[in-house]
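Numbering (this note's numbering), first residue to last: 1016 to 1208.
Report on the following structure.
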């Protein structure tokens, strides 16, 4: 059957809103960074994937709230952080335990790869001992590469607070790693100083 030009069905791509297409393209482009950020917050690849999915669902439902001309990545980081905080609060209400078993290491990997993975796992565990505000700041600035001002905009606090949280997080991490993963109590003592 031949379609006349006027009778041809309208393809989805032809009727798609250009703003929605731009939104979708930006969302797809920022996904790897969101996953990395979420992995740092949760300490688990599975939980990170769930967190990113929930954040994407929220962003798609609230697409109309995004203001063109502003930084899309900052908006999405804020959504991820908000969803994470919501999940932590819900978990606290239900008193869930968020411990996740460590990923298994391949026995046929070269020694340096295994050592690097062990060091990374140790750092990830140490990061999990940080308070949520310090962990978020550390992930935004050191992993995602946001400036202090950009991180302050994402979190909604002054730049000085970001600098202070980052300094406390670095000190606590260093002390935790130097003591070989001492108890949570020693990290809390470092925060108080």
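For glycine and all other residues, C-beta sits at the position ideal for the given N, C-alpha and C.
In the three-state DSSP reduction, residue 1036 falls in the helix class (H, G or I). Judged by beta-carbon spacing, residue 1100 lies beyond the 9 angstroms limit of residue 1173, meaning their Cβ atoms are not closer than that value.
Each residue's CA atom was taken as its position, placing residue 1178 and residue 1067 some 26 angstroms apart. Counted as a single uninterrupted DSSP element, the alpha helix (DSSP H) harbouring residue 1147 occupies residues 1147–1153.
For residue 1087, the uninterrupted alpha helix (DSSP H) run begins and ends at 1087–1109, by DSSP. Straight across, the Cα-Cα distance linking residue 1163 with residue 1052 is about 16 angstroms.
Between residue 1153 and residue 1132, the gap from beta carbon to beta carbon reaches 9 angstroms or more.
Taking all protein chains in view, the Cβ of residue 1191 is crowded by 16 or more other Cβ atoms within 10 Å, so the residue is classified as buried. Here residue 1091 is near residue 1049, since their CB atoms are less than 9 angstroms apart. Assignment of residue 1162 by DSSP, reduced to helix, strand and coil, places it in the coil class. Taking 9 angstroms as the cut-off, the Cβ atoms of residue 1095 and residue 1076 do not count as close.
Here the alpha carbon of residue 1193 sits roughly 49 angstroms from the alpha carbon of residue 1035. For residue 1174, the enclosing alpha helix (DSSP H) stretches over residues 1174–1193. No Cβ-Cβ contact shorter than 9 angstroms links residue 1044 with residue 1054.
Assignment of residue 1055 by DSSP, reduced to helix, strand and coil, places it in the helix class. For residue 1061, the enclosing alpha helix (DSSP H) begins and ends at 1060–1076. In this structure, residue 1170 sits near residue 1151, with a CB-CB distance shorter than 9 angstroms.
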